[in-house]
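> Quick one: the structure is below, questions incoming.
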Amino acid sequence: MKLITFTRKGIYCPQGKFYIDPWRPVDMAIITHGHADHARWGMKKYLCHHFTKPILHQRIGSDIECQSVAYGETITINGVKVSLHPACHIIGSAQIRLEYKGYVTVVSGDYKIQDDGLSTPFELVKCNEFVTESTFGLPIYNWLEVQDLNQKLQNWVLKNKENNKTSVFIGYSLGKAQRIMTAVEELGKIYVHYSIGKLNEAFESVGINLPDYTIADFRERSKEVEHEIVIVPPALLDSNIIKKIPDPATAICSGWMQVRGARRWRSADAGFAMSDHADWKGLLQTIKATEAEIVHVTHGQTEIFSKYLNEIGIHADIVETLYGEDEEESEKETIENPES
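Quick note on numbering: the sequence shown equals residues 856 to 1195 in the working numbering.
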């Protein structure tokens, strides 16, 4: 039995007559999470987790028709049982479980198995068929424990304070920025770019408490942020905004920083391997535990990762999708602030 097909519009469930994270306009879209490569404009109806709904309203539009459900809540769409389960990628991120006549397919979207303290912890869902990402599907990618990584961020901020530097973190507005805020909240005043502040509102609207922060005015060189903590999205790394920050020391927070030769490493003073995706061990652990008979690898290190899965006896294939595009590019919509 096949519960999903891969079409030019996206992942389609013929029995249920709906799509999951489609990249072209459709009548019914179930959304795994709020990043722009998975949640796009133009759908007649959206279905997502309660925590993702305000993010979609923020990023796509307040007038969209959007239904939201809780984790584990089952709804039936044209005979297909649908439920959302924690993916721990960002807040509200969900694996989409489909069941029809006893056959179970899980579309995981983006996921990680580390508990970052903000996202709902990952829930393993056993299935017959599993759709996985492989963004960091190489053995070189193995993340530090969250507590150890946070300590590294804290030590860097303290060192900057000793050297009269302003700590400037570069991290995605949705997910990464909030993790950085939580890691360094007791080390000084936190200033964020407008785009981050707007998405912080989505967190706060669903009852998630974030550290105190101020939206910085970057139109002029500001003394208020001097020797404090500033967080901006990646698209601003080489912008004039950084130049307006007094005595900046910049750090990129990205899984790509696991590799010293990562793109744009030289334009920053430091790099921290912080990721909202599963590392090599996390991917393998999850896929094996699902006991899926077939695995579809949709984006990332697809060729190497799928080849390895087949070598260890897990039937896997590669599916071409539009997921995993540069999140830096997909974030540009949130940076259209006149203050920038």
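For glycine and all other residues, C-beta sits at the position ideal for the given N, C-alpha and C.
By the 10 Å Cβ neighbour count, where 16 or more other Cβ atoms means buried, how is His1170 classified, buried or exposed?
Exposed is the call here.
> For Gln1033 and Trp998, which I take to be in contact (beta-carbon distance under 8 Å), what is that distance rounded to the nearest angstrom?
That pair is no contact at about 17 Å.
> Go ahead and pull the three-state DSSP assignment for Arg952.
The answer is strand: DSSP assigns Arg952 an E or B state.
> What is the rounded straight-line gap between the Cα of Ser1094 and the Cα of Gly871?
Rounded to the nearest angstrom, the two C-alpha atoms are 46 Å apart.
> Within its chain, find whatever has a CB closer than 6 Å to the CB of Leu902; leave out the 5 residues flanking it on each side and keep chain order.
So the list reads Ile885 and Gln922, once near-sequence residues are dropped.
> Would you report the Cα separation of Phe1024 and Gln1140, rounded to the nearest angstrom?
Cα to Cα, Phe1024 sits roughly 31 Å from Gln1140.
> So, for Asn933: in the same chain, excluding its five sequence neighbours on each side, which residues have a beta-carbon less than 6 Å away from its beta-carbon?
Counting only Cβ-Cβ distances below 6 Å, and skipping sequence neighbours, we find Gly871 and Lys872.
> Whole beta strand (DSSP E) runs in the region 1035–1081 with 3 or more residues, listed along the chain?
Those beta strand (DSSP E) runs which fall completely within the region 1035–1081 and span 3+ residues are 1045–1047.
> Which class does Ser1271 belong to by DSSP, given the choice of helix, strand or coil?
Absent from the model: residue 1271. The displayed extent of the chain is 856 to 1195, so no value can be given.
> If you check the beta carbons only, do Ile859 and Ile951 fall under 7 Å apart?
In this structure, Ile951 does not lie closer than 7 Å to Ile859 by Cβ.
> Tell me the rounded alpha-carbon separation between Glu1083 and Gln1009.
So the two alpha carbons sit approximately 12 Å from each other.
> May I ask you to report which of helix, strand or coil DSSP gives Thr1145?
Correct three-state label for Thr1145: helix.
> Restricting to Cα atoms, I'd like to know which of Lys1099, Ile1100 and Ala1133 is closest to Ser1109.
It is Ala1133 whose Cα lies nearest to the Cα of Ser1109.
> Would the beta-carbon of Val986 fall within 7 Å of that of Ser963?
Contact: yes.
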